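If you read the sequence shown in the UniProt record's numbering, its first letter stands for residue 1, the second for the next number, and so on.
Notes to accompany the following structure.
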Amino acid sequence: MGCFHFSRFLIFRRVKLYRFNGLVFLEKMRGKTVMFVGDSLGLNQWQSLICMVSAFVPRTHTQMIHGGPLSSFIFLEYGVTLSFYRAPYLVDIESVEGKNILKLDDISKNGDSWKNVDVLSFNTGHWWAHQGSLQGWDYMGLGGLLYEDMDRLAALQKGLETWASWADSNLDRTRTRLFFQGISPTHYNPHEWSSETVTLSKSCYGETSPTLNGGAYPGTYPEQMKVIQAVLGKMSNPPSLLNITLLSAMRKDAHPSIYSGDLTPAQRANPNHSSDCSHWCLPGLPDTWNQLFYTGLFF
Numbered sequence: 001m002g003c004f005h006f007s008r009f010l011i012f013r014r015v016k017l018y019r020f021n022g023l024v025f026l027e028k029m030r031g032k033t034v035m036f037v038g039d040s041l042g043l044n045q046w047q048s049l050i051c052m053v054s055a056f057v058p059r060t061h062t063q064m065i066h067g068g069p070l071s072s073f074i075f076l077e078y079g080v081t082l083s084f085y086r087a088p089y090l091v092d093i094e095s096v097e098g099k100n101i102l103k104l105d106d107i108s109k110n111g112d113s114w115k116n117v118d119v120l121s122f123n124t125g126h127w128w129a130h131q132g133s134l135q136g137w138d139y140m141g142l143g144g145l146l147y148e149d150m151d152r153l154a155a156l157q158k159g160l161e162t163w164a165s166w167a168d169s170n171l172d173r174t175r176t177r178l179f180f181q182g183i184s185p186t187h188y189n190p191h192e193w194s195s196e197t198v199t200l201s202k203s204c205y206g207e208t209s210p211t212l213n214g215g216a217y218p219g220t221y222p223e224q225m226k227v228i229q230a231v232l233g234k235m236s237n238p239p240s241l242l243n244i245t246l247l248s249a250m251r252k253d254a255h256p257s258i259y260s261g262d263l264t265p266a267q268r269a270n271p272n273h274s275s276d277c278s279h280w281c282l283p284g285l286p287d288t289w290n291q292l293f294y295t296g297l298f299f
């Protein structure tokens, strides 16, 4: 079951998935740029796509350019550039007197880097829920006023409305294909998938099989999905929504857990507190996202 966004409506239908072919991708995208914009889940998908395409052309000449916020991987013989632009909130963050201001109504700085790109895929979500030392701002700015905090769903909606207005006004949709990725769920709370069983785990650690708890959105971000759907539905020229939330929610077994390579031995010995149950293993689930992306892009 797939979910694609047409005009103002979300239509669920059975989607024929075409087998990914990196050579077809490169030929169809010859001389063009694909850019993923968002947080580390967008980074996950970008890395996955690089690997998937590269597997078909192992001897082709490539170039990696690392930067901040923009990084690019170029298939030189095809002139195809796969880029990732880090913007966890999409809207701008401005430093003022040593304080970071999340500008809910301004996207001009980031947006200048996204114009004239052939394919754009945006995502946001996780960072809007971060609290305390994990949040990436000191104040929120809106309408010339500063706020120490506000309802996070309301803030997400304001930020997305700013992005939507920018996209409708600044993107030439005869040139640019536009996608928006749904919320990628986390699996830190076993009770979300084991309410009828006893579990000793306090995270995704040790999970080795998917859950078949379908029907509703299991997981922690359904309200954010409602906000995303509402904002996209009001756009004059909405993107294609790659709604990966439900299929990803079933993959409690697909996270790095303690095996990301970034943990100390002491951290690995305490998986209930150290497991990464937010990002995804590669190869892994993001390859499925890119299978959907490939189908939506070309078929």
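The beta-carbon is built from N, C-alpha and C at its ideal position, and this holds for glycine as well.
Keep in mind that this is a model prediction, so the values were computed, not measured.
Item: Around the Cβ of PHE179, are there at least 16 other Cβ atoms within 10 angstroms (buried) or fewer (exposed)?; Value: buried
Item: Quick test of the definition: if touching needs 3 or more C-beta pairs under 8 Å, does the segment 14-29 touch the segment 105-116?; Value: no
Item: Using the Cα positions of HIS187 and LEU41, report the straight-line distance between them to the nearest angstrom.; Value: 14 Å
Item: Could you name each continuous alpha helix (DSSP H) segment of 4 residues or more that falls completely within the segment 27-52, going from the start of the chain to the end?; Value: none
Item: Output the boundary residues of the beta strand (DSSP E) element that contains GLN181.; Value: 177-181
Item: MET140 lies in the beta strand (DSSP E); which residues open and close that run?; Value: 139-142
Item: Report all residues from its chain with a CB closer than 8 Å to the CB of LYS158; omit the five preceding and five following residues, and keep chain order.; Value: LEU104, ASP105 and LEU142
Item: Going by other Cβ atoms of all chains shown within 10 Å of its Cβ, with 16 needed for buried, is GLY215 buried or exposed?; Value: At GLY215, the pLDDT of 49 sits below 50, so the modelled position is not reliable; the number obtained from the coordinates is stated separately. The residue in question, GLY215, is exposed, as its Cβ has fewer than 16 Cβ neighbours within 10 Å.
Item: According to DSSP, is ASN100 part of a helix, a strand, or is it coil?; Value: strand
Item: Do the CB positions of LEU171 and THR124 come within less than 9 Å of each other?; Value: no
Item: From the DSSP output, which residues share a beta bridge with GLU94?; Value: ILE101
Item: Out of ILE93, GLN135, LEU285 and PHE299, which one is the CA nearest neighbour of PRO185?; Value: LEU285
Item: Can you tell me which of VAL57, TRP114, TRP46 and VAL96 puts its alpha carbon nearest to the alpha carbon of TYR78?; Value: VAL57
Item: Quick check: the segment 280-297 against the segment 252-263, are at least 3 beta-carbon pairs closer than 8 Å?; Value: yes
Item: Can you give me the C-alpha to C-alpha distance between TRP289 and LEU212, rounded to a whole angstrom?; Value: 18 Å
Item: At a cut of 8 Å, does the segment 262-279 reach the segment 234-241 through at least three beta carbon pairs?; Value: no
Item: Helix, strand or coil for ARG19, going by three-state DSSP, please let me know.; Value: coil
Item: Considering only residues of the same chain and omitting the five flanking positions on each side of THR174, which have a CB-CB separation below 8 Å?; Value: none
Item: Could you give the uninterrupted runs of the beta strand (DSSP E) lying entirely in the segment 200-263, keeping only those of 3 residues or more?; Value: 240-242
Item: Taking only the alpha-carbon atoms, compute the straight-line gap between GLY228 and SER209 and give it to the nearest angstrom.; Value: Per the sequence shown, the amino acid found at residue 228 is Ile instead of Gly. If you take the alpha carbons of ILE228 and SER209, they lie about 29 Å apart.
Item: Answer yes if the segment 70-84 comes into contact with the segment 125-135, meaning at least three C-beta pairs across the two stretches below 8 Å, and no otherwise.; Value: no
Item: Quick check on DSSP: helix, strand or coil for TYR294?; Value: helix
Item: Taking 9 Å as the threshold (C-beta atoms), are LEU292 and GLN224 in contact?; Value: no
Item: In the DSSP assignment, the alpha helix (DSSP H) including GLN267 goes from what residue to what residue?; Value: 265-268
Item: Judging by CA-CA distance, which residue of ASN21, ASP39 and THR60 is the nearest neighbour of ASP71?; Value: According to the sequence shown, residue 71 is Ser rather than Asp. Taking only the C-alpha atoms, the option nearest SER71 is ASP39.
Item: Rounded to whole angstroms, how far is the Cβ of residue 301 from the Cβ of TRP128, which I believe are closer than 8 Å?; Value: Coverage of the chain is limited to positions 1 through 299, which leaves residue 301 absent and any answer about it impossible.
Item: Taking its Cβ as the centre, do 16 or more other Cβ atoms sit within 10 Å of GLY219, making it buried, or is it exposed?; Value: Only weak support is given to the placement of GLY219: the predicted model assigns it a pLDDT of 48, under 50, and the question is left unresolved by the model.
Item: So THR62 is in the alpha helix (DSSP H); what residue range does that whole segment cover?; Value: Premise fails: THR62 lies in the beta strand (DSSP E), 62-65, not in any alpha helix (DSSP H).
Item: Measuring straight from C-alpha to C-alpha, what distance separates LEU145 and ALA164?; Value: 22 Å
Item: So, with DSSP's three-state summary, where would you put SER275?; Value: coil
Item: Please report the straight-line C-alpha distance between SER260 and LEU43, rounded to a whole angstrom.; Value: 15 Å
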